[in-house]
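J.: Handing you a structure now.
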Amino acid sequence: MNHLKLLLLLTSILLYSCGEKLPVPADKKATKETVNLFRSLYELQNKGVMFGHQDDLMYGRTWWYEKDRSDTKDFTGDYPAVAGFELGHLELGNERSLDSVSFVQMAEQIKKHYQRGGVITISWHADNPLTMQNPDTLVRQAGTAWDVSSKEVVASILPGGINHDLFNTWLERLATFFLGLKDDDGTPIPFLFRPYHEHSGSFFWWGTTICADEEYSALWRYTVDFLREKKGIHNILYAYNTDRVTSLEQYMRGYPGDDIIDMLSLDMYDRGEQFGAEVDTALGFVTREAISRNKLTAFSETGGRRGMEDWWSSVLLPVVSKYPVGYVLTWRHAYRPRFTRPGMSNQPFPDDFMNFYNSPKSLFLKDIQEPNIYRRK
Ligand code: BMA
12 MNHLKLLLLL TSILLYSCGE KLPVPADKKA TKETVNLFRS LYELQNKGVM FGHQDDLMYG
72 RTWWYEKDRS DTKDFTGDYP AVAGFELGHL ELGNERSLDS VSFVQMAEQI KKHYQRGGVI
132 TISWHADNPL TMQNPDTLVR QAGTAWDVSS KEVVASILPG GINHDLFNTW LERLATFFLG
192 LKDDDGTPIP FLFRPYHEHS GSFFWWGTTI CADEEYSALW RYTVDFLREK KGIHNILYAY
252 NTDRVTSLEQ YMRGYPGDDI IDMLSLDMYD RGEQFGAEVD TALGFVTREA ISRNKLTAFS
312 ETGGRRGMED WWSSVLLPVV SKYPVGYVLT WRHAYRPRFT RPGMSNQPFP DDFMNFYNSP
372 KSLFLKDIQE PNIYRRK
């Protein structure tokens, strides 16, 4: 073997082994842009924490769907790096979500955020497929995602269950929406999907005490199989998620498997003094586990403590800076124009949010432009 050949061989071995180290999505057929998104997010985890906001592009407390408007942009001058969207009631074939957002407009905003080089994450507060058929008016939130009056729901939609066909119809509707998420040239738009969220809580029909861990895992596996294999959708990164947890063992209950999941995420709202220590512990073990499995991480829902003025800079920022947390997302600013009064502050975020924004640790849309997260080399 001459020197040139040897050099070429060594170079290709080196490139190959480097390539091998870069993690890949669970979906072996993931589109190029989806693989790029996964790798970009994986690297960004070490650069800082992206800011995400639910329904940021759809409405704010005092405005409803205005072109290119965003509470985050109004307040800081920049869009959030991560835009959250919610699919609840898409399964019913409705034109608007449970939060009255038009699905057509949602798809438009998803495309816009993709074109801006931002990250898209989608949640799904699906109605209760069992109790919605005959809602018990005495039950709180009867027939909705929050109806936990029956422990038979998940079993009823899995293969062999009485609501299996209905559930397939729901997944068909989801698939149709997902297949419509395309750029002008037909490129499927990659996004994070976080269904069946907050598993450790018992406030949704898929919660830990409402279904068995095996059922929860089967529900996930059935859903991903349907979208990925049956419908051939390869532009989704799937996010596993729990609410408050105190141990890794509790976090992993019902985990559907590394061949299904791309991201390990956590939701925890600040309800008092103990939050700082609890979230520190939980983000510690969740991010460690994620990295050991070559998965992405996120603090996918949180919210400040009532009456605390410096929560963003003194509680949130220190803890998310301590770990490789991909993004932190705060929940929607529900449209409530009737509740605004003269003299009342209508600003979308507290003043302290600017301290979070100005920190080199936080990443907004402008901070994740180079290189483009979907078009890496
Ligand atoms: C919840 C609340 C609800 C909303 C739901 C889905 O946490 O904000 O009002 O309908 O999320 O977005």
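Using our numbering, the first residue of the sequence shown is number 12, and each one after it goes up by one.
Cβ atoms here follow ideal geometry from the backbone N, Cα and C, with glycine treated the same way.
Is the beta carbon of residue 274 less than 8 Å from the beta carbon of residue 248?
T.: Taking the first residue of the sequence shown as 1, we reach residue 274 at position 263. Taking the first residue of the sequence shown as 1, we reach residue 248 at position 237. Contact flag set, yes.
J.: Got a sec? Which residues, its chain only, sit under 6 Å from residue 182 by beta carbon, not counting five neighbours each side?
T.: Numbered from 1 along the sequence shown, position 171 holds the residue referred to as residue 182. Here the set comprises 237.
J.: Does the Cβ of residue 110 lie closer than 7 Å to at least one heavy atom of the ligand BMA?
T.: Numbered from its first residue, the sequence shown carries residue 110 at position 99. Result yes, Cβ under 7 Å from the ligand BMA.
J.: For residue 255, which option in 313, 269 and 102 has the closest C-alpha, if you only look at C-alpha atoms?
T.: For the purposes of this step, residue 255 is identified with residue 244 of the sequence shown, where counting begins at 1. Comparing Cα-Cα distances from residue 255 to each of 313, 269 and 102, the minimum goes to 313.
J.: If we count Cβ pairs, one from each stretch, closer than 8 Å, do we get three or more for the region 321-340 versus the region 52-70?
T.: Touching, per the Cβ criterion.
J.: Please state whether DSSP places residue 308 in a helix, a strand or coil.
T.: Counting from one through the sequence shown, the residue named residue 308 turns up at place 297. Residue 308: strand per DSSP, three-state reduction.
J.: Does the distance from the C-beta atom of residue 214 to that of residue 157 stay below 8 Å?
T.: Within the sequence shown, residue 214 is the residue found at index 203, counting from 1. Within the sequence shown, residue 157 is the residue found at index 146, counting from 1. Cβ atoms of residue 214 and residue 157: closer than 8 Å.
J.: Beta carbon of residue 202, beta carbon of residue 131: below 8 Å?
T.: On the sequence shown, position 191 is the one that residue 202 refers to. On the sequence shown, position 120 is the one that residue 131 refers to. Cβ atoms of residue 202 and residue 131: closer than 8 Å.
J.: Which residue comes first and which comes last in the beta strand (DSSP E) that contains residue 65?
T.: Translated into the one-based positions of the sequence shown, residue 65 becomes position 54. Per DSSP, residue 65 belongs to the beta strand (DSSP E) from 60-65.
J.: Quick check: the region 359-377 against the region 75-86, are there 3 or more CB pairs under 8 Å?
T.: The answer is yes - the region 75-86 touches the region 359-377, with three or more Cβ pairs under 8 Å.
J.: Kindly indicate the opening and closing residues of the beta strand (DSSP E) around residue 279.
T.: For the purposes of this step, residue 279 is taken as residue 268 along the sequence shown, with counting starting at 1. Counting along the chain, residue 279 falls outside any beta strand (DSSP E), and DSSP gives it neither H nor E.
J.: Does at least one heavy atom of the ligand BMA sit under 7 Å from the Cβ of residue 344?
T.: In the sequence shown, counting from the first residue as 1, residue 344 sits at position 333. Not under cutoff, so the answer is no.
J.: Touch check for the region 300-312 and the region 270-288: three-plus C-beta pairs under 8 Å?
T.: As far as the Cβ criterion goes, the region 300-312 touches the region 270-288, which means the pair count is three or higher.
J.: According to DSSP, simplified to helix, strand and coil, what is residue 232?
T.: Locating residue 232 in the sequence shown gives position 221, where the first residue counts as 1. DSSP places residue 232 in helix when its eight states are reduced to three.
J.: Give every residue of the same chain whose Cβ lies closer than 7 Å to the Cβ of residue 76, excluding the five residues on either side of it in the sequence, and list them in chain order.
T.: In the sequence shown, residue 76 corresponds to position 65, counting from 1. 69, 70 and 116, listed in sequence order.
J.: Going by DSSP, what residue range makes up the beta strand (DSSP E) through residue 341?
T.: As a working mapping, residue 341 is identified with position 330 in the sequence shown. Element bounds for residue 341: 338-341.
J.: Taking only runs that begin and end inside the region 179-235, name each unbroken beta strand (DSSP E) of 3 or more residues, in chain order.
T.: Runs of the beta strand (DSSP E) inside the region 179-235: 202-206.
J.: Taking all protein chains shown into account, do 16 or more other C-beta atoms lie within 10 angstroms of the C-beta of residue 285, making it buried, or fewer, making it exposed?
T.: Along the sequence shown, one-based indexing puts residue 285 at 274. Its Cβ having fewer than 16 others within 10 Å, residue 285 is exposed.
J.: Let me know if residue 206 comes out buried or exposed under the rule of 16 or more other beta-carbons within 10 Å of its beta-carbon.
T.: Position 195 of the sequence shown, counting from 1, holds the residue named residue 206. Label assigned to residue 206: buried.
J.: Would you call residue 317 buried or exposed, if buried means 16 or more other Cβ atoms sit within 10 Å of its Cβ?
T.: On the sequence shown, position 306 is the one that residue 317 refers to. Per the 10 Å Cβ criterion, exposed.
J.: Contact between the region 167-179 and the region 90-97 is defined here as three or more beta-carbon pairs at a separation below 8 Å; is this criterion met?
T.: No, the region 167-179 does not touch the region 90-97.
J.: Count Cβ pairs between the region 192-201 and the region 136-148 that sit closer than 8 Å; are there 3 or more?
T.: As far as the Cβ criterion goes, the region 192-201 does not touch the region 136-148, which means the pair count is below three.
J.: Starting from residue 133, trace the beta strand (DSSP E) both ways and give me its first and last residue.
T.: Position 122 of the sequence shown, counted from the first residue, corresponds to residue 133. Here the beta strand (DSSP E) through residue 133 covers 130-135.
J.: Excluding the 5 residues preceding and the 5 following residue 52 in the sequence, name in chain order all residues of the same chain whose CB lies nearer than 6 Å to its CB.
T.: Within the sequence shown, residue 52 is the residue found at index 41, counting from 1. So the qualifying residues of the chain are 307 and 337.
J.: In this structure, does DSSP put residue 86 in helix, strand or coil?
T.: As a first step, residue 86 is located in the sequence shown; it is residue number 75 there, counting from the start. In this structure, residue 86 counts as helix in the three-state DSSP scheme.
J.: Hey, residue 154 and residue 139 are a contact pair by Cβ (cut 8 Å); roughly how many whole angstroms apart?
T.: Position 143 of the sequence shown, counted from the start, is the residue given in the question as residue 154. Position 128 of the sequence shown, counted from the start, is the residue given in the question as residue 139. That belief holds up - the Cβ atoms of residue 154 and residue 139 are roughly 6 Å apart, short of 8 Å.
J.: Tell me the start and end of each unbroken alpha helix (DSSP H) in the region 114-175 that is at least 4 residues and wholly inside, in chain order.
T.: Segments of the alpha helix (DSSP H) lying fully in the region 114-175: 114-126 and 164-168.
J.: Specify, as a first and last residue, the run of the alpha helix (DSSP H) that residue 95 falls within.
T.: In the sequence shown, residue 95 corresponds to position 84, counting from 1. That residue, residue 95, is in no alpha helix (DSSP H); its beta strand (DSSP E) goes 93-97.
J.: Closest by CA to residue 72, which one among 382, 352 and 376?
T.: Here residue 72 refers to the residue found at position 61 when the sequence shown is read from its first residue. Closest by alpha carbon: 352.
J.: Kindly list the residues whose CB is nearer than 6 Å to the CB of residue 122, restricted to its own chain and excluding five residues on each side of it in sequence; keep chain order.
T.: In the sequence shown, the residue the question calls residue 122 occupies position 111. Nothing meets the Cβ criterion.
J.: So for residue 70, helix, strand or coil by DSSP?
T.: Here residue 70 refers to the residue found at position 59 when the sequence shown is read from its first residue. The answer is strand: DSSP assigns residue 70 an E or B state.
J.: Identify the continuous alpha helix (DSSP H) that holds residue 76 and give its terminal residues.
T.: Position 65 of the sequence shown, counted from the first residue, corresponds to residue 76. Unbroken run through residue 76: none, as it is neither H nor E.
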